[in-house]
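Here it is, written out as structure tokens:
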């Protein structure tokens with residue numbers, strides 16, 4: 001999904017070259033600067049987009065009715081709307097992305113764009129091209145709400161959720177998805193806890209270091225000077241420890257955290273797709289029943305409905321299967337990448353910290 | 001027993017031995033190491049000094065033994081000591097040795113004569129084995145030690161090591177075999193508490209080892225043979241096997257006749273000694289089990305270490321006797337591995353509190369050396385600590401083994417107060433008593449009553465903690481109560497250590513009584529001191545001080561400044577303490593969060609249907625589990641390494657203010673006396689005016705009396721001032737030192753855990 005480079009793409013930019021370079025706080029709203037490399041070679045597009053624009057793009061992708069089996073696509077998940085001063089609820093929704101001055105959020109949006117751009121079907125959408133290249137923000141007019149809109153689904157949904165599938169593959173996938181969604185959510189939450197605690201520790205180290213600085217006083221008394229020196233070096237130790245903790249937390253967010261978050265959102269997206277398919281299935285079954293029971297007069301019409309629904313359903317199923325396979329492949333990849341990145345970063349940080357500590361130890365030893 | 005025979009063949013490839021043997025450079029280093037070993041073997045008090053200068057090590061131990069048990073001196077003791085004291089002169093030493101131990105001489109003679117006897121070989125091995133079999137714990141070690149020792153003696157080399165270097169457990173058996181029973185006796189006398197009672201009961205065990213020996217001969221002997229041959233190949237010296245055989249054989253006979261019961265007894269002693277610490281410390285039991293496993297493992301996996309140890313021996317051997325070298329090599333190689341193993345056991349046994357065990361087990365030397373090689377961080381740290389104490393080592397007090405006594409709300413924790421000293425004022429070099437918390441408080445009360453008014457800073461004990469103690473009383477074994485106990489134990493230990501480090505307080509009879517006397521009258525009225533009451537008292541003192549400062553126009557700027565300084569640093573430390581505590585809390589939180597993250601990751605891993613991913617996730621979960629442990633360690637490290645020490649400082653600052661307060665009181669008394677004198681003078685003037693000579697005389701007397709009082713109070717005030725001043729300065733110096741040491745330790749532990757974190761991350765990257 002992410003890696004795929006499609007031939008005949010209408011996109012005039014390199015899929016891998018799409019970057020969200022900056023998150024600009026503009027009053028109450030956040031603006032994202034998006035840079036993409038031109039396919040033709042040299043040159044970049046620089047555009048500024050808000051969350052509304054992203055939303056507009058997402059809606060456009062949803063509403064490509066002309067594409068067969070569009071409902072079988074697992075749409076790359078857009079992170080929840082960010083606010084400058086997020087409420088507790090939004091914070092919870094955003095989870096890890098709300099940390100670190102929106103940097104992770106920008107990274108998540110970047111992932112979103114890259115995934116859309118590298119998607120075999122979605123990248124053909126004109127809206128994406130517009131979104132990435134047009135200097136005018138495209139999404140300022142409210143797009144019409146589509147039936148695929150997630151919010152409306154929730155209500156109608158629950159009753160169909162448990163509908164038995166006709167195909168084992170999808171039934172299994174639904175069960176698995178159910179389990180994974182829950183687990184991933186929990187993992188992401190716990191990880192967020194870890195990261196937040198690390199940040200707290202970092203802050204606490206900083207406080208301690210500052211408080212130690214207060215103990216430092218300039219006096220002629222050699223004993224006192226000694227003590228001051230010791231305090232000072234301890235303070236340095238703690239401040240470097242605090243920094244270390246902070247970078248550990250950052251590493252966590254940037255690698256594994258983002259990966260977990262992405263996975264969690266993708267599980268949701270898959271769930272939605274499966275749900276859409278299930279809805280179609282229910283619809284098809286209803287149509288089949290109607291066709292059977294229909295009086296001769298209406299029989300033909302009913303058969304017609306049944307047939308179109310059947311085709312649609314089949315298209316969706318085919319697309320869905322493809323998408324699920326693709327997702328699984330991609331998932332392993334991004335997990336792996338996240339884990340490897342995480343390890344590398346933590347290792348580097350750990351090494352740096354070790355060096356630092358060694359230095360400090362030497363220093364303290366020299367004092368003694 | 002069977003296992004012992006299996007273990008006995010040298011666990012490492014012979015070729016390596018050879019390398020090492022030939023590697024003289026290493027040997028020198030190891031020699032030194034070994035020297036230090038001896039030093040530590042030596043009686044507890046002295047080992048510190050011995051470490052510092054290796055050459056003298058041997059002499060010192062000897063001296064020590066004399067010192068420690070002068071009453072026990074038997075005729076045999078003398079040769080021993082002589083031997084010990086003349087380590088540098090190998091020849092004379094050997095002579096001395098040979099005199100007391102006739103058998104020994106025989107052995108050495110026979111050696112040279114009967115080189116070719118194959119039977120001798122077997123004999124040796126047998127004896128070797130039966131010894132191994134008989135010893136339940138340290139069988140192998142002991143047996144091999146004997147061999148080595150004999151070898152050494154024959155070589156007339158390091159007689160001293162044989163006697164001195166072995167830890168007591170080992171040394172007893174060795175010495176018996178080599179020299180005479182007498183030596184054993186002297187040794188055991190020294191450690192009378194341990195060895196003497198044990199030797200008797202051991203006798204029954206005698207039979208079984210013998211039987212075993214017979215069986216073992218066949219299988220085990222072959223092994224040994226193989227080794228021997230290999231050894232000879234390597235060294236290209238046929239003498240090797242002979243030499244070793246003969247001495248052993250003769251030893252064997254000896255053993256059979258008269259000595260056997262005793263070596264066994266000695267051997268048996270080892271388990272006994274071990275059991276002592278076990279009894280004291282429940283944790284030790286757990287570790288012990290591990291210890292054996294681990295020691296084995298380490299023997300196998302880390303041959304280098306053993307080699308190094310072995311080589312030290314060999315090196316010396318080579319120096320002394322080039323001709324017989326090969327033989328020694330063969331023997332010593334074995335000794336080496338035994339050494340290593342033994343050391344491992346010991347060091348693992350006692351990583352928590354080496355000092356604690358030193359008394360019961362005189363083996364710290366080995367523990368130290370092994371620790372250096374095998375389980376570095378902790379032991380090293382301790383080493384350092386001890387080295388630091390080296391110069392001023394006079395008395396060491398440790399508090400350990402908290403034990404709940406009684407049930408319900410009347411329950412209390414009793415701690416073992418263990419003292420180790422070289423001071424003559426104590427009857428024994430080591431002793432221990434059981435004390436409960438209120439006893440500590442009682443001691444403080446007595447001390448502060450006596451010395452406080454004189455301006456001494458009496459180190460305060462930790463405050464009573466009703467909540468923590470109640471939890472313990474209720475019997476909850478959760479982490480917080482463990483934490484609480486450890487904190488209190490550490491605080492009490494530091495408190496006592498501070499008391500005994502204070503030259504004046506140490507002289508106080510109450511301190512001595514507290515440390516030495518078996519039963520202490522129950523401390524009463526500690527309630528006022530405990531908990532909130534104690535804090536209040538400090539606060540009240542502070543208030544009083546501040547009030548008095550207003551009244552007192554301070555004559556001495558120094559005190560004024562100091563008081564302010566103390567006040568401000570008190571606040572600073574309080575703040576620091578709060579901050580560290582919150583840091584500790586966060587760390588604990590991180591640990592729990594990591595744990596739940598690990599758990600949920602494991603769940604995700606099991607839900608995952610992609611095998612690779614699933615495996616990766618469960619690996620991640622494992623790593624996080626480890627991280628959790630690390631975070632937890634870090635939390636307790638922060639707590640014990642920093643927070644507790646800061647709390648100590650806060651308490652001490654309170655004590656300093658107390659001493660300021662006392663100074664103030666002295667001043668007040670002086671001032672009062674002065675004003676009284678003034679009044680009396682005025683009265684005298686009035687009387688003079690009124691011309692009443694009869695009362696005038698009385699008034700004059702009173703004036704004289706008050707004048708005397710004024711000068712007395714003034715002098716007192718000056719004295720108190722001087723003391724306070726001295727004490728505060730001393731405190732400041734100490735504070736800096738303490739802080740430095742603490743920070744260093746802390747940093748070291750940080751580094752260590754950082755390494756481990758690095759290792760953990762490393763793990764992952766292989767995925």
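Chains as they are written, first to last, in full-length UniProt numbering: chain A, 1 to 368; chain B, 1 to 767. We put the CB at the ideal spot given by N, CA and C, even for glycine.
Query, Result
"Give, in chain order, every residue of the segment 238-267 of chain A whose Cβ lies closer than 7 Å to some Cβ of chain B.", "none"
"Less than 8 Å between the C-beta atoms of residue 277 of chain A and residue 320 of chain A, yes or no?", "yes"
"So, with DSSP's three-state summary, where would you put residue 434 of chain B?", "strand"
"Against chain B, with Cβ distances strictly below 8 Å, would residue 89 of chain A count as a contact?", "no"
"Cα-Cα, which of B/675, B/601, B/757, B/419 is closest to residue 620 of chain B?", "B/601"
"Check the C-beta distance from residue 115 of chain A over to residue 240 of chain A and give it rounded, since I have them as a contact under 8 Å.", "The pair is not a contact, with the Cβ atoms about 38 Å apart (cut-off 8 Å)."
"Looking at the C-beta of residue 167 of chain A, does it have a partner C-beta in chain B at a distance below 8 Å?", "no"
"Just to confirm, does residue 55 of chain A get its C-beta within under 7 Å of one of the non-hydrogen atoms of the ligand ZN?", "Ligands are entirely absent from the displayed structure, and the ligand ZN is therefore not among its contents."
"Would you give the residue range spanned by the beta strand (DSSP E) that residue 401 of chain B belongs to?", "395-405"
"Please list, in chain order, the chain A residues whose beta carbon lies closer than 7 Å to that of residue 733 of chain B.", "223"
"Does the distance from the C-beta atom of residue 256 of chain A to that of residue 334 of chain A stay below 8 Å?", "no"
"Using a beta-carbon distance below 8 Å, is residue 637 of chain B in contact with chain A?", "no"
"Tell me the DSSP secondary structure of residue 417 of chain B in three-state form.", "strand"
"Can you look up residue 30 of chain A in the DSSP assignment and give me helix, strand or coil?", "strand"
"Just reading off the alpha helix (DSSP H) that residue 635 of chain B is part of, what are its end residues?", "611-637"
"For residue 74 of chain A, which of helix, strand or coil comes out of DSSP?", "coil"
"Going by the DSSP bridge assignment, what does residue 48 of chain A pair with across the sheet?", "A/33"
"Give the straight-line distance between the Cα atoms of residue 753 of chain B and residue 742 of chain B, rounded to the nearest whole angstrom.", "16 Å"
"Have a look at A/173, A/266, A/119 and flag the residue whose alpha-carbon is nearest the alpha-carbon of residue 185 of chain A.", "A/266"
"Between which two residues does the alpha helix (DSSP H) containing residue 345 of chain A stretch?", "296-367"
"Could you tell me the alpha carbon to alpha carbon distance between residue 166 of chain A and residue 330 of chain A, rounded to whole angstroms?", "26 Å"
"Could you name the residues of the segment 647-661 of chain B whose beta carbon sits closer than 9 Å to any beta carbon of chain A, in the order they occur along the chain?", "none"
"Kindly say whether residue 273 of chain A, judged by its beta-carbon, lies nearer than 8 Å to any beta-carbon of chain B.", "no"
"How many angstroms separate the CA atom of residue 432 of chain B from the CA atom of residue 398 of chain B?", "9 Å"
"Given a cut-off of 8 Å, decide if residue 57 of chain A and residue 128 of chain A are closer than it, judged by their beta-carbon atoms.", "yes"
"So with CB distances below 8 Å, who are the chain B contacts of residue 212 of chain A?", "576"
"Which value, in whole angstroms, describes the spacing of the CA atoms of residue 34 of chain A and residue 104 of chain A?", "15 Å"
"Does residue 310 of chain A get closer than 8 Å to chain B when you measure Cβ to Cβ?", "no"
"When you compare each of A/361, A/79, A/274 to residue 327 of chain A by their alpha carbons, which one comes out closest?", "A/274"
"Let me check understanding here. Comparing Cα to Cα, which of A/247, A/306, A/363, A/292 lies closest to residue 344 of chain A?", "A/247"
"Going by DSSP in three states, residue 182 of chain B sits in which element: helix, strand or coil?", "Annotation note: pLDDT 35 at residue 182 of chain B (below 50); position unreliable, coordinate value reported separately. Helix, per DSSP."
"Taking Cβ-Cβ distances shorter than 8 Å, what residues in chain B pair up with residue 323 of chain A?", "Simply none; closest approach about 16 Å."
"Assign residue 460 of chain B to buried or exposed, taking buried as 16 or more other Cβ atoms, counted over all protein chains shown, within 10 Å of its Cβ.", "buried"
"To the nearest angstrom, report how far apart residue 719 of chain B and residue 222 of chain A are at their CA atoms.", "25 Å"
"Taking residue 285 of chain A as the query, report the chain B residues whose CB atoms sit under 8 Å from its CB, ordered along the chain.", "None at all; the shortest Cβ gap to chain B is about 28 Å."
"Is the separation between the beta-carbon of residue 517 of chain B and that of residue 402 of chain B shorter than 8 Å?", "no"
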